[in-house]
Structure formats: C-alpha cells, structure tokens
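**Student:** Take a look at the following structure, please.
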Amino acid sequence: MANLGTLKKELHRRRAKAEQGGGQQAIAKQIAMGKLPARERINQLLDDGSFHEYDLFIEHDAREFGMDSKEMPGDGVIIATGTIHGRSVAIFAQDFTVAGGSLGSMHARKITKIMDYALRMRIPLIGINDSGGARIQEGVNSLAGYGEIFFRNTLNSGVIPQISVILGPCAGGAVYSPALTDYVFVVENISKMFITGPEVIKSVLGEEISMEELGGARVHSEITGNAHFYALTEQECFEQIKKLLSYIPWNNNTNSLIQTETKEPNKKCNIERIVPVDPTKPYDVRDVIRAITDGSDFFEVQEKWAANIVTGYGRMGGRTVGFVANQPMALAGVLDCDSSDKAARFIRFCDSFNIPIVTLEDLPGYLPGVDQEHAGVIRHGAKLLYAYSEATVPRITVILRKAYGGGYIAMNSRHLRADFVFAWPMAEIAVMGPDGAANIIFRKEIMEAPDPVAMRKQKVVEYKEKFANPYVAAAKGYIDAVIEPKDTRKFILHAINISKDKNVSRPNKKHGVPPF
Ligand code: HXC
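So the sequence shown is numbered by our numbering: it starts at 853 and just counts up by one.
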C-alpha cells in the first residue's frame, strides 16, 4: 500500500499539472497581451491566503471533432471561495489559455456549482469572464450550459450581489451572463464584449471593424452603458471591486448591511459656495454629494455614461447611501433615455439590497426632440417612475434649484412616495421654466402690448414670483421643509436615522410589469 508521502506527491503532481492550464507558452502569450493568468487574478482579488479552489480535476466529456484526444485542465475555468475585507465571496475565473475559455458542459457545471454555493450561502458572486462563448465543438451541450447560467443569474438577482469582470475578448454567452448581473467591470485595451465578433460581421454584412471599436472597454463605458466601472489596469479594476464591496451588503438580508465608524460625525455642510443661485449657471453636483457624505467620500457608478445623471455610493452616519443626482454640468441635467435607464437600474439595486436612496434634484425636465421621442423616451422615462414608485427603502429628496414638469415628479417626488422632500430657498417647482411658461400663458398679452419685450420681461417676473419658488409646493405639503443649504446633511442624516425601521406594505402580487 502506498504511504501518505507518496500519495501527497501524486496529489501535488496532479495539482501542478492542472494548474498549468493551457501551458507555459499560452500563459506567456496572455501576459504579453497585458493580461494576468486566471489563477493570479483570483489571488489578487481575494484576501491573502483565503483562496480555496474546487473542482480542479474536472475533465471535459466531449467526444466529437477530435475532442476525445484533447486535454483541457480544469476545463478552462477555476471556481473558488475566499474572502474580501474578511467577508466571504464566491468566484469563478475563465482561463483563456484553455480553448479560449470557451464554455463546454463541464465548464458550465463548475460555474453553476459555484453559483449555487453563492446563493445557498448568501454571499456575493464574482465572475471573471475571459471567453469566446459557447464551445463550438460541444454544440447544444454548451448552449444548455449557458441557459443554466442565465437562469441562475436571474434567480440570484436581488438576493446576492453579482459582479462581472470582463478581462478578455468575450463573445456570445460570455457577455449575456454579465448583462444579467448587477455590476460589470472593464479594463482599457483588455476587455471586449460583443454578441458576434468582427469576423462574423464581415462575412454577414461586409462591414469591417476592429474588436476594440466594436466592443472595447470605452465603447461599453461611454456609449452602450453595458459597463459600470472602467479601469486602466487589471490591478486598478480589482481595487475598484474591493471598493464597491466596501459599500454594498453581502445579501438582501438587512443583517448584512455595512455599518462603518462615522468619520466627522459633526461635519459642517459647506455647500453654499458650490451651487450658484442663478439657475442657468452649472456646477458639479458631485461636489454637493461630497459636501454631505462622511469623509467627503463618493464612489461613482457608471461615471462615463449618461453623465447628465450621477449615481453612486457614499456613507452618511456610517451607513451606505445610494445617491441619484441630476448633473447640471452635463446637458443641464436633463432626463433622457439613457439617464432614465441608468438611474432606474441603480434604484432597483439599492432597493433590493436595503440601501437608502438620496435624490438631489436640479433639472429643467425631459430632453425634447425627435431623436429622443423615436428612441423611446416614453418607455425609458417610465422606468424611472416605476423604479422610484416601487422602491420601499428610505427615500429622501432635496430639491436644490430647478424641478420642472415631469422631471419634478420623476425625481422621487412626494407623489411617488418619497419619505422626505426638502427644498432649498432658491428651488423652483413648476410645470416649466419661467421663460417658456410666460411665452405660453401670456402670449396674447405679450403680442398685443405696445412694448412686447418689456411686457414679456414683466410676465416672466410675475410668473417667477407666483410659481417658481418652493413655497407653493410647501403650502400644499408636497415639500416637508424648506431648508438652508448648510442644513442639508443634518436633515438627511436625521431622516435616514428615523427611517431605520421603515415599514410599508404594498398589494400582493406575483410581480409587476416594469416598462423593460
Ligand atoms: C471553441 C474557441 C472558441 C469557441 C475561441 N476558441 N472561441 N474554441 N469554441 N467559442 C479557441 C480558438 O479556437 C483558439 O484555439 C483559442 O480559443 C484562442 O482563440 P483565438 O481566436 O486564437 O483568439 P483571439 O484572436 O484573441 O479571438 C478571440 C475571439 C475569437 C474573438 C473570442 O476566438 C472568436 O471570435 N471566437 C468565437 C466567438 C463566438 O462566436 N462564440 C460563440 C458565441 S455563441 P487554439 O487551439 O487555436 O488555441 C454563444 C451562445 C450563447 O455563446 C448565446 C446566448 C444568447
């Protein structure tokens, strides 16, 4: 009988062979492209010494197209659990050195196993995607594998956070699974995402385009909105993931909320110098957010896409808060198709994971125009109305300056069941801006006046005094308090504190039908 020493040697031999993946040459090719080997990626992401790997000795079971003679160590994917900030996570990393990280049936079985663990243990799932999609040689078995993954992505949604990292050329199913997850991270020059690659596009449509132009990191961060975080290197990307996990809870149970020690508990809110009283003058709303959060910290989500709305996390009183804010610096902060999509999705994540939402409002309304109408601004804009109306987490709105028309309602108004609505003294709440309004309702008087310009001016002033202020809404109780800007942090903190045990009930239903 073999002794333990010999058995251990055999284990080490097998382990070392499997850990080689596609071999030294293939690994060197990865590194030359600026990519880290799959196992190294996991090591860099997890706390030191916490990496525990499973199913290292899995073998593929494909027999067609010469596959019976092919060795594919680990079947091209690593699954593991470990910790980040000392808290457990489940992780998989596809290994491009083994058949381009393509997904065969055993590869899929490994991924679904770790997804099932993650759900059972209620811990976040991180997927590092570096894959050519469904393994062509395995036909319908690989498609079945993707179906199993997509189903689990949907099942896990709203129960555990799901994070996708795109670290290579990802095609087909390797991009649809990330699209079903909560946050997608990309890295310059390394990440590519597309349903069909340049070769297929060329043969079907005769169009030539590079992988980078078709679906590079910038394309998905700035144009499509498929990516939420953009990094210059893999290391920076891993730091971003760790930072995100320092804000979001481990699951949808309130016990897993993250509470940190409050930095600057008595922080003074020095906002007045940031926001000009003149409603036409722009400013960076992120400065307002930083002025009210603990430690002036703000971690922005989807910074490069739909910049006219800002979404992201900060802390108030040590508790994570989700911020949604119109950005007067970009398109005057209007709502449009993309900004509505961006905010709606962020709101739904916060609501699923018990994160209070603070809305900072300063917008002239929805963006008018044929392009927007034809792009479906009615449907996209409705997503924002739906997401706010549905959310039951504490919701607080501060109207900083303009709140016009549909924008006033959509940005977490009292009418959509905001818990608290505060307004600054320079807030203007009206159906539309004074200039537009005066032109419409006083058209006749202006036209018939001996001096139409002077009459128009006078009517704009009249309208402003009557409607474009916070007191008409305050008189109706639509606003709970008109506050000085310097008291903003104090009012929000108090509102969050007293909402800790917020309890609302909604009609029983299987689920609603959001305007997807
Ligand atoms: C089997 C694959 C593969 C795949 C890549 N490889 N993709 N093997 N099935 N899907 C293998 C290659 O044969 C090659 O093997 C190795 O991986 C590296 O690939 P290269 O092409 O040399 O790398 P690169 O030039 O960097 O191009 C990467 C790529 C390209 C853009 C991903 O390989 C590609 O276009 N692959 C096919 C993409 C695709 O159409 N997938 C199916 C999607 S359908 P060797 O042995 O030469 O090293 C799908 C269904 C689900 O996923 C849809 C859900 C809705």
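In this text, a Cβ means the ideal position worked out from N, Cα and C, and glycines have one as well.
(1) Rounded C-beta distance between Gly1170 and Thr1114? I'm assuming under 8 Å.
(2) Output the boundary residues of the alpha helix (DSSP H) element that contains Ile930.
(3) Hey, could you find the ends of the alpha helix (DSSP H) Leu942 is sitting in?
(4) Evaluate contact between the stretch 937-945 and the stretch 912-920, counting only Cβ atoms and requiring at least three cross-stretch pairs below 8 Å.
(5) Considering only heavy atoms of ligand 1 and the C-beta of each residue, which residues fall inside 5 Å, strictly closer?
(6) Classify Met1284 as buried or exposed, calling it buried when 16 or more other Cβ atoms lie within 10 Å of its own Cβ.
(7) Closest to Arg1200 by CA distance: which of Leu1237, Leu1212 and Glu1213 is it?
(8) Would you call the stretch 1217-1234 in contact with the stretch 1184-1192, where contact means no fewer than 3 C-beta pairs closer than 8 Å?
(9) To the nearest angstrom, how far is it from the Cα of Gly1259 to the Cα of Gln1224?
(10) Starting from the N-terminal side, write out each stretch of the beta strand (DSSP E) that is 3 residues or longer and does not extend beyond the stretch 1151-1212.
(11) Taking all protein chains shown into account, decide if Lys1338 is buried (16 or more other Cβ within 10 angstroms of its Cβ) or exposed.
(12) For Ala1184, which of Tyr1256, Ala1326, Ala970 and Leu898 has the nearest alpha-carbon?
(13) Less than 7 Å separating the beta-carbons of Ser1029 and Ile975?
(14) In the DSSP assignment, the alpha helix (DSSP H) including Gln877 goes from what residue to what residue?
(15) Take Gly984 and list the residues in its own chain whose beta-carbon comes closer than 6 Å to its own, dropping the five residues that flank it on each side.
(16) Give the DSSP-derived three-state secondary structure of His1232 in the structure shown.
(17) Would you kindly report the start and end of the unbroken beta strand (DSSP E) that includes Arg974?
(18) Where does Asp1214 sit, in a helix, a strand or coil, going by DSSP?
(19) Residues bridged to Glu1280 by DSSP?
(20) With 16 other CB atoms within 10 Å as the buried threshold, where does Pro1246 fall?
(21) Would you decide whether His864 is buried or exposed? Buried here means 16 or more other CB atoms lie within 10 Å of its CB.
(22) Need the endpoints of the beta strand (DSSP E) that Glu905 sits in, please.
(23) Measuring straight from C-alpha to C-alpha, what distance separates Phe1313 and Ile1293?
(24) Which word fits Thr1006, buried or exposed, when buried means at least 16 other C-beta atoms lie within 10 angstroms of its C-beta?
(25) Determine the direct distance from the alpha carbon of Pro1286 to that of Gly1020, and round the result to whole angstroms.
(26) With Phe1343 as the anchor, note down where its alpha helix (DSSP H) starts and where it stops.
(27) Going by DSSP in three states, Met853 sits in which element: helix, strand or coil?
(28) Between Ile1053, Thr1340 and Met1045, which lies nearest to Glu1064 when the distance is taken from Cα to Cα?
(29) Quick check on this structure: which residue in Thr1112, Ala1143, Ala1083 and Val1186 has the alpha carbon closest to the alpha carbon of Thr1132?
(30) Flag this pair as yes or no: are the beta carbons of Val1017 and Ile980 separated by less than 7 Å?
(31) Taking the alpha carbon of Gly901 as the point to measure from, which residue in Gly928, Asp913, Ala932 and Thr1145 has its own alpha carbon closest?
(32) Pull up the distance between the alpha-carbon of Arg866 and that of Ala960, whole angstroms please.
(33) Whole angstroms is fine: what's the gap from Thr1163's alpha carbon to His1080's?
(34) So for Met1045, helix, strand or coil by DSSP?
**Tutor:** Quick look at the numbers:
(1) 4 Å
(2) From DSSP, Ile930 is part of no alpha helix (DSSP H) but of the beta strand (DSSP E) over Val929 to Ile936.
(3) Looking at the sequence provided, one finds Ala at residue 942 rather than Leu. Per DSSP, Ala942 belongs to no alpha helix (DSSP H); it is in the beta strand (DSSP E), Arg939 to Gln946.
(4) In this structure the stretch 937-945 does not touch the stretch 912-920; the number of beta carbon pairs closer than 8 Å is below three.
(5) Ala951, Gly952, Ser954, Gly984, Gly985, Ala986, Arg987, Ile988, Tyr998, Pro1021, Ala1023, Gly1024, Gly1025, Tyr1028 and Gly1049
(6) buried
(7) Leu1237
(8) The stretch 1184-1192 and the stretch 1217-1234 touch, with three or more beta-carbon pairs separated by less than 8 Å.
(9) Between Gly1259 and Gln1224, the alpha-carbon positions lie close to 15 Å from each other.
(10) 1151-1153, 1161-1168 and 1171-1178, all fully within the stretch 1151-1212.
(11) exposed
(12) Tyr1256
(13) no
(14) Gln876 to Ala884
(15) Gly952, Ser954 and Ala1023
(16) DSSP places His1232 in the helix class (H, G or I) of the three-state scheme.
(17) Counting along the chain, Arg974 falls outside any beta strand (DSSP E), and DSSP gives it neither H nor E.
(18) strand
(19) Lys1254
(20) buried
(21) By the 10 Å Cβ count, His864 comes out exposed.
(22) Unbroken beta strand (DSSP E) run through Glu905: His904 to Tyr906.
(23) What sits at residue 1313 in the sequence shown is Val, not Phe. So the alpha carbons of these two residues sit roughly 13 Å apart.
(24) exposed
(25) When the Cα atoms are used, Gly1020 and Pro1286 turn out to be separated by approximately 52 Å.
(26) Counting along the chain, the alpha helix (DSSP H) containing Phe1343 begins and ends at Thr1340 to Ile1350.
(27) coil
(28) Met1045
(29) Nearest neighbour of Thr1132 by Cα position, chosen from Thr1112, Ala1143, Ala1083 and Val1186, turns out to be Val1186.
(30) yes
(31) Ala932
(32) 22 Å
(33) 10 Å
(34) strand
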